[in-house]
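Chains A and B supply the protein sequences, listed in that same order.
When we follow my numbering, the leftmost residue of the first sequence carries the number 2, and every step to the right adds one.
When we follow my numbering, the leftmost residue of the second sequence carries the number 430, and every step to the right adds one.
Below is one structure; the comments refer to it alone.
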Amino acid sequence: MIAANNQPSWRRFLLRYETLLLAVLVIEWLIFYHYGTSTNRRGHLVGFGTLDRQFDILRHSCEIGLLALALTPVILTAGIDLSVGSLLGLCAIVFGKLWHDGGLSIPLAAALTLVVGAMGGGLNAGLITALRLPPLIVTLGTYSLFRGLAEAITQGAVTYTDFPSGFLFLGQERWNGLPMQAWLFLLMAVLVWILVHRTTWGRSFRVIGFSPEGARYAGLPVERRVSIVYILAGIIAALAALIYTARLGQAKADAGTGYELFAITAVVLGGTSIFGGRGSVTGTLLGVAAIAVLKNGLACLPVVIRLNAAEEISGLLTGALLLVALTGNAVPTFLNYLRARRQAR
Amino acid sequence: MLSGPPPPPPLLTLRRAAKNFGGVRALRGVDFDLQAGEVHALLGENGAGKSTLIKIITGAHQPDAGEIIVAGRSLTGLTPSLAQQLGIACIYQQPALFPDLTVAENIGLRLEPAGSMRRINWSQRRQRALELLARVGANLSPEAEVRTLSMPEQQLVEIACAVGAGARIVVMDEPTASLTSREQDRLFTVVRELRSSGVGIIYISHRLDEIFTLADRVTVLRDGESVGTQPVSAITHAGLIKLMVGREVDQLYPPTEFTGGEIVLELRNVGCAAAGVYNVSLAVRAGEVFGLAGLVGAGRSELARVLFGLTPADRGEILLCGKPITPRSPAEAVALGLAYVPEDRRRHGVVLELPIDQNITMAIHARLFPTAWLKLGTERKLALDFIRDLAVKCAGPQAPGGSLSGGNQQKVSLARWLATQPKILILDEPTQGVDVGAKSEIHRIIRQLAKAGLAVIMISSDLPEILGMSDRIGVMRGGKLTTILPGQSDAHAVMAAALGQELAKGAA
Chain A
2 MIAANNQPSW RRFLLRYETL LLAVLVIEWL IFYHYGTSTN RRGHLVGFGT
52 LDRQFDILRH SCEIGLLALA LTPVILTAGI DLSVGSLLGL CAIVFGKLWH
102 DGGLSIPLAA ALTLVVGAMG GGLNAGLITA LRLPPLIVTL GTYSLFRGLA
152 EAITQGAVTY TDFPSGFLFL GQERWNGLPM QAWLFLLMAV LVWILVHRTT
202 WGRSFRVIGF SPEGARYAGL PVERRVSIVY ILAGIIAALA ALIYTARLGQ
252 AKADAGTGYE LFAITAVVLG GTSIFGGRGS VTGTLLGVAA IAVLKNGLAC
302 LPVVIRLNAA EEISGLLTGA LLLVALTGNA VPTFLNYLRA RRQAR
Chain B
430 MLSGPPPPPP LLTLRRAAKN FGGVRALRGV DFDLQAGEVH ALLGENGAGK
480 STLIKIITGA HQPDAGEIIV AGRSLTGLTP SLAQQLGIAC IYQQPALFPD
530 LTVAENIGLR LEPAGSMRRI NWSQRRQRAL ELLARVGANL SPEAEVRTLS
580 MPEQQLVEIA CAVGAGARIV VMDEPTASLT SREQDRLFTV VRELRSSGVG
630 IIYISHRLDE IFTLADRVTV LRDGESVGTQ PVSAITHAGL IKLMVGREVD
680 QLYPPTEFTG GEIVLELRNV GCAAAGVYNV SLAVRAGEVF GLAGLVGAGR
730 SELARVLFGL TPADRGEILL CGKPITPRSP AEAVALGLAY VPEDRRRHGV
780 VLELPIDQNI TMAIHARLFP TAWLKLGTER KLALDFIRDL AVKCAGPQAP
830 GGSLSGGNQQ KVSLARWLAT QPKILILDEP TQGVDVGAKS EIHRIIRQLA
880 KAGLAVIMIS SDLPEILGMS DRIGVMRGGK LTTILPGQSD AHAVMAAALG
930 QELAKGAA
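Dropping the structure here:
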């Protein structure tokens, strides 16, 4: 690390993990552009290279992207939140019920949904900080709890639909050239980036991730900071629920099933250490993009279309990409270990 | 001339054994020998080198120089497993047994040959456990889970393992530290039986009385050197203390200029049952360095943690500048103006992965960045100031804390707390594991801070440091502040108070 400080800044930039990930992303995109785009009989472009397809990718990645943004501070504190996908489902149902059965206006129902998200995150935070339970177990519990509540409210059958077009605009229309939810996602990305990289709070997330005892001895309010990351994750999950509902035009109990795993994958692929302390929001954004492009790009490849196995292959490649990234991250540590062992002899 | 049979060769001999850790010389050439059938006590202040010596004997550390001779064989590469084969066993203060397994299983794991597909003969294992337990006089069921046993019972299981392994050399590291006097008597009986069966026992203890009851010979270590081996019958309590303390303060400490100041911190009967601190009363004045002496485990760091809100006090009063305070967390303590430079700097003092500047500003986020927005320029400038003022040797403010040497890490830890501009600074072993150069720099810094009007509490196990730096010396023992001595006290008085000994008149 010290050696890196003496190198010229352009070299440090090239050696950064985020730069490598960006290169992977660009190569990935070019491959899909080359093999996944074709012209139909009328001479129109179809497949990966079309603008519509690119907007589609953006639209589909916003919800998982938001969850990945929510998880970045959590994982920086060496925590984990498995419940964000389930909380997304619960918040979608709460929103639908408040509007449809409760007769509340859309803005009021949306505001209350964000409050419910904060409360869900608060439940995680309380169990983790007050009872000192491990985050993995707590959020594994609320993972089932939130989904169960969503299904109980709807009895597993009801979906809420017929939302007004003013609300659907949020998920289906463009504004200033980009899908509406992409603007919201960008706004959240900037806010989380500022929180993590430019405030004392983000600084303390890292300290807690590296050394919770060290943070305590430095007089940092460890419990309050840890609570904040889980509550924030809850609020962002609720926002993702609103966007999800607007995109599909319906609120259902199984919304966001399995999203937490994609989000965690994106965060870790983005270079954030699952052991806490290290990581960046930029990395998370690149991780989200890499996964989204992979998923959608594969669906455009003729060979994949012929096999009709886009889901399976994208799962396979996402896993492989993650393992390669983790190995790449571990190589310097491993080399240091070897060097230390040689010196010890 | 008496012409008896020649004395049998010793079980164990160390010749000029030396060991360095980084720049710190833990052992500088120790001679030591252990005869069959003797209890040989090892005595010394904290940090005198006892633990290092034991680790060399048990093969955990390799000496940098010198010779180890076990049963006539000179060994160069002693490893833990080789030590075991040679019949060397060590019983630590905290028994190292598996709490969820039974006594018989623990004994079996130590003594039976290893092998992944080995069938276990349960009745044989039980029988052997019964025999060994009987030999050490332990009335325990082999089926008892170790977690249900008391500390002395667990020690007996450890001794049974040593006996079962046919140990010829048994090292006991402060075995009575947590025993009641009845349990202690039982342990002594077992030790005496081991001795009469020809085992050599290296016995480490801070309790002088025990050494006089149990040991045949005693070796005193000081600053990594052996300062004498004598038969116990030929030495007195006072003589032993004198050996341990030895030379006068020979290091040059910056002179004190304290003449008296306002009381900054006052404790009235402060206690915390959970931390093992009882009824501590003291007052520290601005400009004063109040030394806290005592043995490891006497409750000094525990008292510091009570003051810093890590384990809040449950009785008594703490007054800061005359106002009662009740710090319930470090965050509250920091806000009140307390600062604590902890003993374990790698775990608590410095976050090794983070750069120096972030480490220095960690406790002053609220003051330096009132809007929570980081001002990296301000942070860098502050860090550079401290790096210059405290002469931290580093590649720059961005260098990670883990890249620094022990002394420089300690300076960074100190800088973090000086940055809080505290009213009272508590230093816990400020120069432990620090090389000589950095040590005297840290002493100079402490003196400057006191001169500038800071009230300093300095916990130290380094007796010369306590004597050289303190304006007054509080001595703790068993969680209580037993004595407060003036700064010009002699080493014997401090050591005697720490050991709980009344010095006979004129003994010094």
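Here a beta-carbon is modelled for each residue, glycine too, at the ideal position from N, C-alpha and C.
What does a CB cutoff of less than 8 Å around Gly-50 of chain A pick up in its chain, not counting 5 residues either side in sequence? Sequence index remark: in the first sequence, residue 50 of chain A carries index 49 (1-based). Within the same chain, Gly-50 of chain A has close Cβ partners Tyr-34, Gly-37 and Thr-38.
Given Lys-852 of chain B as reference, the closest of B:Gly-458, B:Val-713 and B:Gly-478 once Cα atoms are compared: In the second sequence, counting from the first residue as 1, residue 852 of chain B sits at position 423. Selected option, being the one with the closest Cα: B:Val-713.
Kindly identify the DSSP beta-bridge partner or partners of Glu-746 of chain B. Here residue 746 of chain B corresponds to residue number 317 of the second sequence, with the count starting at 1. DSSP lists B:Arg-697 as partners of Glu-746 of chain B.
Over the uninterrupted alpha helix (DSSP H) stretch that includes Ser-625 of chain B, give me the two end residues. For the purposes of this step, residue 625 of chain B is taken as residue 196 along the second sequence, with counting starting at 1. Secondary structure note for Ser-625 of chain B: its alpha helix (DSSP H) is the uninterrupted segment 610-625.
Step through the CB atoms of chain A and report whether any lies within less than 8 Å of the CB of Phe-798 of chain B. Your numbering for residue 798 of chain B matches position 369 in the second sequence. Yes, Phe-798 of chain B counts as interfacial toward chain A.
First and last residue of the uninterrupted beta strand (DSSP E) at Arg-651 of chain B: Walking along the second sequence from the start, residue 651 of chain B turns up at place 222. Taken as a continuous stretch (DSSP letters only), the beta strand (DSSP E) holding Arg-651 of chain B covers 646-651.
For a contact defined as C-beta to C-beta under 8 Å, what are the partners of Arg-776 of chain B on chain A? For this step, residue 776 of chain B is matched to residue 347 along the second sequence. Correct list: Ser-212, Glu-214 and Gly-215.
If you measure from the beta carbon of Gln-787 of chain B to each beta carbon in chain A, is any gap under 8 Å? Mapped onto the second sequence, residue 787 of chain B falls at position 358. Closer than 8 Å to the CB of Gln-787 of chain B there is at least one CB belonging to chain A.
With a threshold of 8 Å between beta-carbons, can Ala-219 of chain A be considered close to chain B, or not? Numbered from its first residue, the first sequence carries residue 219 of chain A at position 218. Answer yes: the Cβ-Cβ gap between Ala-219 of chain A and chain B drops below 8 Å somewhere.
How would you write the range of the alpha helix (DSSP H) that Arg-225 of chain A sits in, first residue to last? In the first sequence, the residue the question calls residue 225 of chain A occupies position 224. 223-249 is the extent of the alpha helix (DSSP H) around Arg-225 of chain A.
Where does Tyr-36 of chain A sit, in a helix, a strand or coil, going by DSSP? Your numbering for residue 36 of chain A matches position 35 in the first sequence. Tyr-36 of chain A carries a helical assignment under DSSP once its states are collapsed to helix, strand and coil.
Can you tell me whether DSSP reads Asp-163 of chain A as helix, strand or coil? In the first sequence, counting from the first residue as 1, residue 163 of chain A sits at position 162. Three-state DSSP puts Asp-163 of chain A in coil, outside helix and strand.
Could you compute how far the alpha carbon of Leu-507 of chain B sits from the alpha carbon of Ala-879 of chain B? For the purposes of this step, residue 507 of chain B is identified with residue 78 of the second sequence, where counting begins at 1. For the purposes of this step, residue 879 of chain B is identified with residue 450 of the second sequence, where counting begins at 1. Computed Cα separation, rounded: 48 Å.
In whole angstroms, what is the alpha-carbon distance linking Glu-677 of chain B and Gly-478 of chain B? As a working note, residue 677 of chain B is residue 248 in the second sequence. As a working note, residue 478 of chain B is residue 49 in the second sequence. Unreliable positioning characterises Glu-677 of chain B in this predicted model, as indicated by a pLDDT of 45, which lies under 50. A coordinate reading is not provided.
Does any residue of chain A have a CB that is nearer than 8 Å to the CB of Pro-826 of chain B? For the purposes of this step, residue 826 of chain B is taken as residue 397 along the second sequence, with counting starting at 1. By this cut-off, Pro-826 of chain B is not an interface position.
Determine whether the beta carbon atoms of Ala-446 of chain B and Pro-509 of chain B lie at a separation below 8 Å. Position 17 of the second sequence, counting from 1, holds the residue named residue 446 of chain B. Position 80 of the second sequence, counting from 1, holds the residue named residue 509 of chain B. No, they are not a contact pair.
Where Ala-926 of chain B falls, given that 16 or more other Cβ within 10 Å makes a residue buried: For the purposes of this step, residue 926 of chain B is taken as the residue at position 497 of the second sequence. With a threshold of 16 other beta carbon atoms within 10 Å, Ala-926 of chain B meets it and is buried.
Since Ser-655 of chain B is in the beta strand (DSSP E), which residue starts that stretch and which ends it? Locating residue 655 of chain B in the second sequence gives position 226, counting from the first residue. From DSSP, the beta strand (DSSP E) with Ser-655 of chain B extends over 654-660.
According to the Cβ coordinates, are Val-227 of chain A and Ala-219 of chain A closer than 8 Å? Along the first sequence, read from residue 1 onward, the residue named residue 227 of chain A stands at position 226. Along the first sequence, read from residue 1 onward, the residue named residue 219 of chain A stands at position 218. With respect to Ala-219 of chain A, Val-227 of chain A sits apart: the two C-beta atoms are not nearer than 8 Å.
Does chain A have any CB closer than 8 Å to the CB of Pro-771 of chain B? Residue numbering aside, residue 771 of chain B sits at position 342 when the second sequence is read from its first letter. Yes, its Cβ sits closer than 8 Å to a Cβ of chain A.
Does the count of Cβ pairs from the region 619-626 of chain B and the region 651-660 of chain B closer than 8 Å reach three? Contact fails: fewer than three Cβ-Cβ distances are below 8 Å.
Spatial neighbours of Ser-205 of chain A within its chain, please: C-beta separation below 6 Å, excluding the five flanking residues on both sides. Taking the first residue of the first sequence as position 1, residue 205 of chain A is located at position 204. Hits under 6 Å: Leu-221 and Arg-226.
Contact residues within the region 72-89 of chain A, judged by C-beta distance below 9 Å to chain B: Per Cβ criterion, the list is empty.
Determine the extent of the beta strand (DSSP E) in which Val-499 of chain B is found, giving its start and end residues. The residue you call residue 499 of chain B lines up with position 70 of the second sequence. Here the beta strand (DSSP E) through Val-499 of chain B covers 494-499.
Cα separation between Thr-642 of chain B and Leu-616 of chain B? As a first step, residue 642 of chain B is located in the second sequence; it is residue number 213 there, counting from the start. As a first step, residue 616 of chain B is located in the second sequence; it is residue number 187 there, counting from the start. Rounded to whole angstroms, Thr-642 of chain B to Leu-616 of chain B spans 12 Å at the Cα level.
Should Phe-276 of chain A and Glu-782 of chain B be called a contact, given that it needs their Cβ atoms to be closer than 8 Å? Counting from one through the first sequence, the residue named residue 276 of chain A turns up at place 275. Counting from one through the second sequence, the residue named residue 782 of chain B turns up at place 353. At a Cβ-Cβ threshold of 8 Å, Phe-276 of chain A and Glu-782 of chain B do not count as neighbours.
Please report the straight-line C-alpha distance between Leu-171 of chain A and Gly-97 of chain A, rounded to a whole angstrom. Translated into positions along the first sequence, residue 171 of chain A becomes position 170. Translated into positions along the first sequence, residue 97 of chain A becomes position 96. Computed Cα separation, rounded: 15 Å.
Segment contact flag, the region 251-260 of chain A with the region 268-282 of chain A, C-beta cutoff 8 Å, min 3 pairs: Contact fails: fewer than three Cβ-Cβ distances are below 8 Å.
Could you give the first and the last residue of the continuous alpha helix (DSSP H) run that contains Asp-102 of chain A? As a working mapping, residue 102 of chain A is identified with position 101 in the first sequence. Careful: Asp-102 of chain A lies outside any alpha helix (DSSP H) and carries neither H nor E.
Which partner residues does Trp-176 of chain A have in the DSSP bridge list? Taking the first residue of the first sequence as position 1, residue 176 of chain A is located at position 175. In the DSSP output, where bridge partners are listed per residue, Trp-176 of chain A has A:Leu-179.
Is there a Cβ from chain B that is less than 8 Å from the Cβ of Val-332 of chain A? Position 331 of the first sequence holds residue 332 of chain A. Interface residue (Cβ-Cβ distance to chain B less than 8 Å): Val-332 of chain A is not classified as such.
Grab me the residues of Phe-527 of chain B's own chain with a C-beta within less than 8 Å of its C-beta, minus the 5 sequence neighbours each way, in chain order. Taking the first residue of the second sequence as 1, we reach residue 527 of chain B at position 98. Cβ-Cβ distances below 8 Å link Phe-527 of chain B to Glu-534, Asn-535, Leu-538 and Val-575 in the same chain, with the five nearest sequence neighbours on each side left out; the list follows chain order.
Alpha carbon to alpha carbon, how far is Gly-167 of chain A from Ser-106 of chain A? As a working mapping, residue 167 of chain A is identified with position 166 in the first sequence. As a working mapping, residue 106 of chain A is identified with position 105 in the first sequence. Taking the straight line from one Cα to the other gives about 12 Å.
Check whether the region 884-902 of chain B and the region 465-473 of chain B are in contact - that is, three or more C-beta pairs closer than 8 Å. No, the region 884-902 of chain B is not in contact with the region 465-473 of chain B.
Out of B:Asp-864, B:Gly-458, B:Ala-812 and B:Leu-561, which one is the CA nearest neighbour of Ser-382 of chain B? Any property of residue 382 of chain B remains undetermined from this structure, which presents chain B solely from 430 to 937.
Is there contact here, the region 183-199 of chain A with the region 715-726 of chain B, by at least three beta-carbon pairs under 8 Å? Not touching, per the Cβ criterion.
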